[in-house]
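A quick write-up on the structure given underneath.
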Amino acid sequence: KYGYMKEKVGDVFEGFVTKVTPHGFFVEIEEYLTEGFVSVDVIDEYLEYDSARKILVGKNLTIKPGQRLKVQVVAVDKWLKKMELVPYEEV
Numbered sequence: 001k002y003g004y005m006k007e008k009v010g011d012v013f014e015g016f017v018t019k020v021t022p023h024g025f026f027v028e029i030e031e032y033l034t035e036g037f038v039s040v041d042v043i044d045e046y047l048e049y050d051s052a053r054k055i056l057v058g059k060n061l062t063i064k065p066g067q068r069l070k071v072q073v074v075a076v077d078k079w080l081k082k083m084e085l086v087p088y089e090e091v
């Protein structure tokens, strides 16, 4: 899957948040059943991790599991099976 996704760098997909961590969140791209990571470093707003609710909270933004959003693939490592994503629109 990740080898194929390497050809999709730059493309935009719909997905949903599967897991939230203090450093960012994982998004599953449903079309290809692959998961990638969005780092809090690429979000324009400061987000704080709420460990009790397992969400990221900012002044104007909340990221939680199950949330749908569009993401753009920016990097893929097929050997490590890792994919870096960035939000395509305001989340």
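Note that the UniProt record's numbering has the sequence shown beginning at 1, numbered continuously upward.
Just so you know, even glycine gets a beta-carbon here, dropped at the ideal spot from N, CA and C.
Note that the coordinates shown come from a computational prediction; the quantities given were computed from them, not determined experimentally.
How would you label residue i, buried or exposed, when you count the other beta carbons within 10 angstroms and need 16 or more for buried?
i     : result
VAL71 : buried
GLY66 : exposed
Which residues mark the beginning and the end of the alpha helix (DSSP H) in which residue i is found?
i    : result
GLY3 : 2 to 5
For residue i versus residue j, is the C-beta distance shorter than 8 Å?
i     : j     : result
GLU45 : LEU69 : no
VAL27 : LEU85 : yes
GLY36 : MET83 : yes
ARG34 : LYS1  : The sequence given here has Thr at residue 34, not Arg. Yes, the pair counts as a contact, with Cβ atoms nearer than the cut-off.
VAL73 : LYS19 : no
Since residue i is in the beta strand (DSSP E), which residue starts that stretch and which ends it?
i     : result
ALA75 : 68 to 77
SER51 : No beta strand (DSSP E) contains SER51, which DSSP labels as neither H nor E.
GLY58 : No beta strand (DSSP E) holds GLY58; DSSP gives it neither H nor E.
PRO87 : 82 to 87
Is residue i near the ligand ATP, in the sense that its beta carbon is under 7 Å from a heavy atom of that ligand?
i     : result
THR34 : What this structure holds is no ligand at all, so the ligand ATP is not there to describe.
Under three-state DSSP, which class holds residue i?
i     : result
LYS19 : strand
VAL42 : helix
Apart from the five residues just before and just after residue i, which ones in its own chain have a Cβ nearer than 7 Å to its Cβ?
i     : result
GLU31 : PHE13
VAL38 : GLY24, PHE25, VAL27, VAL71, LEU85, VAL86, PRO87
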